[in-house]
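> Dropping a structure here in structure tokens format, bear with me for questions.
Residue numbers (our numbering), protein chains in the order written: chain A, 50 to 334; chain B, 3 to 337.
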């Protein structure tokens, strides 16, 4: 309890972090607790009358093929978070390893890694992802989707972590550790990584956010997992069935509101973590 | 810029183009199961019907094109030759339309829409961002920070959906679909030009709204660091007009990173805002790509993707070449 109240006191000094965490918490709770109140099978087609406006029984109404849209949202939130967390973790993991190799070892490895990263960063990510997902559409699952998105999510982390490691390498405490006879791995684990943790945390939130953005964008183009009720796929069907001009607002409004809440929450967390990692920001805002 | 650096930069560009072309060659072959293109053609052939003739011709063209009986390296070389001549093959759904023709017809729409809205968002956003960081500007601008940050965090196409609903269903002021009225014949009259402008207002608005936040945040951050500089204090002590200090001392020094980002996003105008075009059924590259995806029209997908990669590669190349002219501190000497 003491740590909770300490967190609360810190949160009042960093309202962005607190607000963002609360927003994400609400979304996660809808996804986790919601599944105890609905029957997840209702997220499949023909579980209700199609295109019903919201009632007590169907709080968000139903879509064109009779999916209960509230159930769809409850089922879709964990899937969106899964793609984001998984792709973000893979991307940041690869980025951290490559960033450390490039920044700490330098030399030839640094030249190669930097060259590849700089080249890939000039390539537009979304269209490359479109090529891949369009070609393997039939075997796309949530996990495969996460890996595909992660395949282009490691360049930014690599670049930024490399530059962080470059500046840390020359600090006095690292030299001290070297003089004390610590091996390279020991220096990385005991000296560098702990100091990078807040920074890695902020990068992770950023990576999760852009992974979710990419996956929802792909799904909204019809390139998501075909058998899972995802947020992006709901938007895809809502657009494809011209729900907008037919005034079926309950079809497209809930997914949009969830996406907006999700991104604002992640954005606030990442801005809040930036303040933790970089105290100088606190005064400028 | 010395010759070596120029050659290296050009080399990088060539590598990117080559990698993109090879990527398009490899991906369909790595896909699980059979080659998705052949699968799709087989599917269409099985459906048969009146299109049968075309399908047969297409299957033949496809096999001849890739010389499927030839060894892989020969297929690869002839593929690279086709790409070098900008021959992306023909559309499967709209046989025998060439992919390059589809792209050429759609490109002006996308470039027109995106160029206009990117420049608008840049101008408005940069000015707003500078004013938000400026201590002497009215308090009103301070209150803009939170909403603009929010806008920059929201995916642009969601704003498009909301705009369609508000303007297409509630207040029917602007047309919400197409590039011009159905039935209108494209010509050079003022009436038709006005028709195009009216149709572009809502798609442009959703791109501008989402972009303004991004530009404003970037400019605000740069402006804050510039305000701490000694020359700002000196300019103030000289008694220069606040206007002069704001534009010539503040904005002028803060705007350089904004120009870099602008040049980059101008490269991206070719790729367009795919989902915005889909939502407004705008006749640009994004809609072509969307239709190709839903029709599994692989040659069109690969052709469009390749064209976008090339355009963006060209844009970044140009930025690197022009940048030393903009900012004399940057040189490409070896350090």
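All C-beta atoms, glycine included, are put in the ideal place defined by N, C-alpha and C. Model, not experiment: these values are computed from the prediction.
So, does the CB of residue 91 (chain A) fall closer than 9 Å to a CB anywhere in chain B?
Here residue 91 (chain A) refers to the residue found at position 42 of the first chain. It does not: the Cβ of residue 91 (chain A) has no partner Cβ on chain B nearer than 9 Å.
> Roughly how many whole angstroms lie between the Cα atoms of residue 138 (chain B) and residue 248 (chain B)?
Along the second chain, one-based indexing puts residue 138 (chain B) at 136. Along the second chain, one-based indexing puts residue 248 (chain B) at 246. If you take the alpha carbons of residue 138 (chain B) and residue 248 (chain B), they lie about 10 Å apart.
> Measure the C-alpha to C-alpha separation of residue 20 (chain B) and residue 106 (chain A) and round it to an integer number of angstroms.
Taking the second chain and counting its residues from 1, one reaches residue 20 (chain B) at position 18. Taking the first chain and counting its residues from 1, one reaches residue 106 (chain A) at position 57. The alpha-carbon atoms of residue 20 (chain B) and residue 106 (chain A) are separated by roughly 56 Å.
> Quick check on the DSSP output: the alpha helix (DSSP H) that includes residue 65 (chain A) runs from which residue to which?
To locate residue 65 (chain A), count along the first chain from 1; it is residue 16. Note, residue 65 (chain A): alpha helix (DSSP H), 64–83.
> Using a Cβ-Cβ cut-off of 6 Å (strictly less than) and excluding sequence neighbours within five positions of residue 334 (chain A), which residues of its own chain qualify?
Within the first chain, numbered from 1, the residue matching residue 334 (chain A) stands at position 285. Any reading at residue 334 (chain A) must be qualified, since the residue scores a pLDDT of 40, below 50, and its modelled position is unreliable; the value itself is stated next. Nothing listed; no residue qualifies.
> Checking contacts by CB at 9 Å: is residue 194 (chain B) closer than that to chain A?
As a working mapping, residue 194 (chain B) is identified with position 192 in the second chain. Cβ-Cβ to chain A under 9 Å: no for residue 194 (chain B).
> In this structure, how does DSSP classify residue 175 (chain A) when only helix, strand and coil are distinguished?
For this step, residue 175 (chain A) is matched to residue 126 along the first chain. Reduced to three states, the DSSP call for residue 175 (chain A) is helix.
> Could you spell out the range, first to last residue, of the alpha helix (DSSP H) harbouring residue 92 (chain A)?
Position 43 of the first chain holds residue 92 (chain A). Note, residue 92 (chain A): premise wrong, no alpha helix (DSSP H); not H, not E.
> Strictly under 9 Å for the Cβ-Cβ distance: is residue 78 (chain B) near chain A by that measure?
Taking the second chain and counting its residues from 1, the one referred to as residue 78 (chain B) is at position 76. So no, residue 78 (chain B) is outside the interface.
> Are three or more beta carbon pairs between the stretch 152–162 of chain B and the stretch 201–213 of chain B nearer than 8 Å?
In short, these stretches touch, since the Cβ pair count reaches three.
> Quick check on residue 336 (chain B): buried or exposed, where buried means 16 or more other Cβ atoms within 10 Å of its Cβ?
Here the question's residue 336 (chain B) lines up with position 334 in the second chain. Here residue 336 (chain B) scores only 48 on pLDDT, less than 50, and its place in the model should not be relied on; the value that follows carries that caveat. By the 10 Å Cβ count, residue 336 (chain B) comes out exposed.
> With DSSP as the reference, label residue 76 (chain B) as helix, strand or coil.
As a position in the second chain, residue 76 (chain B) is number 74, starting the count at 1. Three-state DSSP puts residue 76 (chain B) in a helix.
> Who are the neighbours of residue 17 (chain B) on chain A, taking C-beta pairs under 8 Å?
Numbered from 1 along the second chain, position 15 holds the residue referred to as residue 17 (chain B). Simply 168.
> In whole angstroms, what separates the C-alpha of residue 6 (chain A) from that of residue 113 (chain A)?
There is no way to answer for residue 6 (chain A), as the model of chain A reaches only from 50 to 334.
> Within 10 Å of its beta-carbon, does residue 151 (chain B) have 16 or more other beta-carbons around it, so buried, or fewer, so exposed?
Along the second chain, one-based indexing puts residue 151 (chain B) at 149. Looking at its Cβ environment, which holds 16 or more other Cβ atoms inside 10 Å, residue 151 (chain B) is buried.
> Please classify residue 235 (chain A) as buried or exposed, where buried requires at least 16 neighbouring CB atoms within 10 angstroms.
As a working mapping, residue 235 (chain A) is identified with position 186 in the first chain. That one is exposed.
> Report the neighbours of residue 34 (chain A) on chain B: residues whose CB is nearer than 9 Å to its CB, in chain order.
No answer is possible for residue 34 (chain A): the residues shown for chain A start at 50 and end at 334.
> From residue 159 (chain A) to residue 126 (chain A), what distance separates their C-alpha atoms?
The sequence position of residue 159 (chain A) within the first chain is 110, counting from 1. The sequence position of residue 126 (chain A) within the first chain is 77, counting from 1. Their backbone Cα atoms lie some 39 Å apart in a straight line.
> Which same chain residues, not among the five before or five after residue 209 (chain A), have their C-beta less than 7 Å away from its C-beta?
The sequence position of residue 209 (chain A) within the first chain is 160, counting from 1. Closer than 7 Å at the Cβ level, and outside the excluded window around residue 209 (chain A), lie 252.
> Residues of chain B with a CB under 7 Å from the CB of residue 196 (chain A): which are they?
Residue numbering aside, residue 196 (chain A) sits at position 147 when the first chain is read from its first letter. Within chain B, no residue comes near residue 196 (chain A); the closest Cβ sits about 14 Å away, beyond 7 Å.
> Report buried or exposed for residue 246 (chain B), applying the criterion of at least 16 other Cβ atoms within 10 angstroms of its Cβ.
Numbered from its first residue, the second chain carries residue 246 (chain B) at position 244. Counting Cβ neighbours within 10 Å, residue 246 (chain B) comes out exposed, since fewer than 16 surround it.
> Within 10 angstroms of its Cβ, does residue 327 (chain A) collect 16 or more other Cβ (buried), or is it exposed?
Here residue 327 (chain A) refers to the residue found at position 278 of the first chain. Label assigned to residue 327 (chain A): exposed.
> Can you look up residue 100 (chain B) in the DSSP assignment and give me helix, strand or coil?
As a first step, residue 100 (chain B) must be located in the second chain, where it is residue number 98. Three-state result, residue 100 (chain B): strand.
> By how many angstroms is the C-alpha of residue 92 (chain B) removed from the C-alpha of residue 123 (chain B)?
As a position in the second chain, residue 123 (chain B) is number 121, starting the count at 1. As a position in the second chain, residue 92 (chain B) is number 90, starting the count at 1. Using only the alpha carbons, I get a separation of about 37 Å.
> State the DSSP-derived secondary structure class of residue 238 (chain B), mapped to helix, strand or coil.
Within the second chain, the letter at position 236 stands for residue 238 (chain B). Looking at residue 238 (chain B) - three-state DSSP - the assignment turns out to be helix.
> Among residues of its own chain, excluding the 5 on either side of residue 89 (chain A), which ones have a beta-carbon nearer than 7 Å to its beta-carbon?
Position 40 of the first chain, counted from the first residue, corresponds to residue 89 (chain A). Around residue 89 (chain A): 120 and 124.
> Measure the Cβ-Cβ separation of residue 298 (chain A) and residue 284 (chain A) and say whether it is below 9 Å.
Sequence index remark: in the first chain, residue 298 (chain A) carries index 249 (1-based). Sequence index remark: in the first chain, residue 284 (chain A) carries index 235 (1-based). For residue 298 (chain A) and residue 284 (chain A), no; Cβs fall outside 9 Å.
> Does the separation of the CB atoms of residue 148 (chain A) and residue 214 (chain A) fall below 9 Å?
For the purposes of this step, residue 148 (chain A) is taken as the residue at position 99 of the first chain. For the purposes of this step, residue 214 (chain A) is taken as the residue at position 165 of the first chain. It is a contact, given that the beta carbons lie within the stated cut-off.
> Does the separation of the CB atoms of residue 204 (chain A) and residue 231 (chain A) fall below 9 Å?
Within the first chain, numbered from 1, the residue matching residue 204 (chain A) stands at position 155. Within the first chain, numbered from 1, the residue matching residue 231 (chain A) stands at position 182. Not in contact: residue 204 (chain A) and residue 231 (chain A) (Cβ atoms no closer than 9 Å).
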